[in-house]
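Q: Supplied in structure tokens, the structure appears directly below.
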Amino acid sequence: MKRALWALPALLLAGCPSLDGFTGKQAADGGPSGSGYLSLGEAVKLCSQLQICPKLGDSIVFSLLIPLQDVAFPICVDRLTGPLPPGRPGVAQQAQSLSCAAKATSCATAAGCFPYESVQPSDPRCQGFDGGTTDGGTATGACSPDGKSVYNCQYNQIVHCDHPYFYPGSTCLVDPTGVPRCAVAQSCTATQTTCSGSVVQYCGAVSNFVYGEDCSFWGATCGNDQSANVQDCILNGLTPFCSTDDVQCISNRLRTCSGGFFSEYDCLALGGTCESAPAPHCVLAGPKCKHGDPNLDKCSGNQLPVCLAGQPKTLDCTSFGLTCKAGPYGDYCG
125 MKRALWALPA LLLAGCPSLD GFTGKQAADG GPSGSGYLSL GEAVKLCSQL
175 QICPKLGDSI VFSLLIPLQD VAFPICVDRL TGPLPPGRPG VAQQAQSLSC
225 AAKATSCATA AGCFPYESVQ PSDPRCQGFD GGTTDGGTAT GACSPDGKSV
275 YNCQYNQIVH CDHPYFYPGS TCLVDPTGVP RCAVAQSCTA TQTTCSGSVV
325 QYCGAVSNFV YGEDCSFWGA TCGNDQSANV QDCILNGLTP FCSTDDVQCI
375 SNRLRTCSGG FFSEYDCLAL GGTCESAPAP HCVLAGPKCK HGDPNLDKCS
425 GNQLPVCLAG QPKTLDCTSF GLTCKAGPYG DYCG
């Protein structure tokens, strides 16, 4: 089950029955067409923001396990618009958050579109909640004034309990040990985790609060872990644990690890392969171009030639209300 960094050691959990009337979502919603997450226009806007918002990519990869942090603009656009493996879980759920961020007008509002928001240590919301390292704040974090978010500033993270990733009705609640969590204040006593559609549900061993997380938001389903024999978020029958945050090609699968869990894109299911340079990505069969080709990715006025889904394409930045400029990871529309 996906956890915030601060919660991993503390949640020794058992399951909890579903709330009345809640059945969860069906996770396998990727259509046979394998279409991408966003339209070209939305992808350009979001990837432009990623060039100037230092923590936005971290928020996306921790929340959705989609690797958009620290990559060149054309690779970012390709990952958001390129075809996805048919039947991939959670496409609609992930696209909802990504589209929200693409429409945002500031870095802060874009990051707020995701359940886990990575923040700078200087974020004004974190004054007094940084674990006592500079201003005597509490190490356990705190609830936001409106009760909708958990401030875990010791780990530079704000968790939005009202995001649809979390169990419906979740708010910031403080457990008996003084730790704030996203949960529902309903007593539960079940001894096993349970699945409701794509949502894994469980009880806090200390708090008896109801917890729940929608596995589909990071490309997984909820089912039986064949190794541990418990209900959990799974890929290929197992809970996808990992230990090192990275993006890599493994047997023609693009694997992203963040926060102790991984998600994969099956490049072979698209008839392609996974290539590691210039950054790990799926390459479709018979490409007419590749990322990093010498005639691509450089501004010519406000025109930016790129490679999308293996096909050369020239982006007119002005058609998106932007101009072509140099950025930290190469030229981009911004």
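The working numbering numbers the first residue of the sequence shown as 125 and each following residue consecutively.
From the three backbone atoms N, C-alpha and C, an ideal C-beta is built for every residue, glycine too.
The model shown is predicted, which means the values in this text are computed figures rather than measured ones.
1. Look at the alpha carbon of Gln325 and the alpha carbon of Ser443, and state the distance between them as a whole number of angstroms.
2. Let me check understanding here. Comparing Cα to Cα, which of Asn360, Ala401, Phe385 lies closest to Cys373?
3. Near Ser340, what residues of its chain come up, given a Cβ to Cβ distance below 6 Å and the 5 sequence neighbours on each side ignored?
4. Check whether the Cβ of Val303 lies closer than 8 Å to any Cβ atom in chain C.
5. Can you name, in chain order, every residue of its own chain whose Cβ lies under 7 Å from the Cβ of Pro404, other than the five neighbours on each side?
6. For Lys449, which residues of its own chain have a beta-carbon under 6 Å away from its beta-carbon, when the five flanking residues on both sides are left out?
7. If you draw a straight line from the C-alpha of Pro418 to the C-alpha of Val168, how long is it?
8. May I ask you to report which of helix, strand or coil DSSP gives Cys457?
9. Given that a residue counts as buried once 16 or more other Cβ atoms are within 10 Å of its Cβ, and exposed if not, what is Gln350?
10. Have a look at Thr363 and Gln175 and give me their C-alpha separation to the nearest angstrom.
11. Mind checking whether Pro207 and Ser159 have CB atoms under 8 Å apart?
12. In chain order, what residues of the same chain lie with their CB nearer than 6 Å to the CB of Asp338, ignoring the 5 residues before and after it?
13. Determine, using beta carbons only, whether Pro239 and Ser187 come nearer to each other than 8 Å.
14. Just curious, the alpha helix (DSSP H) that Lys437 is in, first and last residue?
15. For a quick check, are the C-beta atoms of Gln193 and Val201 less than 8 Å apart?
16. Alpha carbon to alpha carbon, how far is Gly271 from Cys237? Give it in angstroms, no decimals.
A: Short version:
1. Going from the Cα of Gln325 to the Cα of Ser443 covers about 45 Å.
2. When only C-alpha atoms are compared, the closest one is Ala401.
3. Scanning its chain for C-beta atoms nearer than 6 Å, with the 5 sequence neighbours on each side dropped, one finds around Ser340 the residues Ala151, Pro213, Gly214, Gln217, Ser322, in chain order.
4. Given the protein chain composition of this structure (a single chain), no chain C is represented.
5. Taken in chain order, the residues that qualify are Val371, Gln372, Cys373, Leu378, Cys398.
6. The residues Gly458, in chain order, have a CB closer than 6 Å to that of Lys449 in the same chain once the five nearest residues on each side in sequence are set aside.
7. One C-alpha to the other measures close to 21 Å.
8. Reduced to three states, the DSSP call for Cys457 is strand.
9. Per the 10 Å Cβ criterion, exposed.
10. Spanning the two alpha carbons is a distance of roughly 33 Å.
11. Yes, Cβ-Cβ distance for Pro207 and Ser159 is below 8 Å.
12. In chain order, Tyr289, Ser322, Val323 place their CB closer than 6 Å to the CB of Asp338, counting only its own chain and leaving out the 5 sequence neighbours on each side.
13. Taking 8 Å as the Cβ cut-off, Pro239 and Ser187 qualify as a contacting pair.
14. First-last for Lys437: 435 to 440, but that is the beta strand (DSSP E), not the alpha helix (DSSP H).
15. At the C-beta level, Gln193 and Val201 stay beyond 8 Å of one another.
16. Across the structure, Cys237 and Gly271 are spaced so that their CA atoms are roughly 17 Å apart.
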